[in-house]
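Just so we're on the same page, this note's numbering is the position in the sequence shown counted from 1, plus 27.
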Amino acid sequence: LRIEQEKYQLGKGSIIDVLDAQSALLNAQTNYYRSLADYRTARAQLRLAVGEGK
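Have a look at this one:
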């Protein structure tokens, strides 16, 4: 994103490139946090299954 913003400021890139980079970053962050939540849920379920959650 930073690179695309700098290119845009220098007149070497388009606003579409900046928006695409922002969208890609947001998607990556969303996927990261979703995966983290899934991991924590699975870990809690495993602990319950083996009797550690009681």
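Glycine is no exception: its CB is placed at the ideal position from the N, C-alpha and C atoms.
{"query": "Please classify Glu31: is it buried, with 16 or more other beta-carbons within 10 angstroms of its beta-carbon, or exposed?", "result": "buried"}
{"query": "Suppose the cutoff is 8 Å on Cβ atoms and the five residues either side in sequence are ignored; what does the same chain contact list for Gln49 look like?", "result": "Leu28"}
{"query": "Less than 9 Å separating the beta-carbons of Val45 and Tyr60?", "result": "no"}
{"query": "What's the gap between the Cα of Gly78 and the Cα of Arg70?", "result": "12 Å"}
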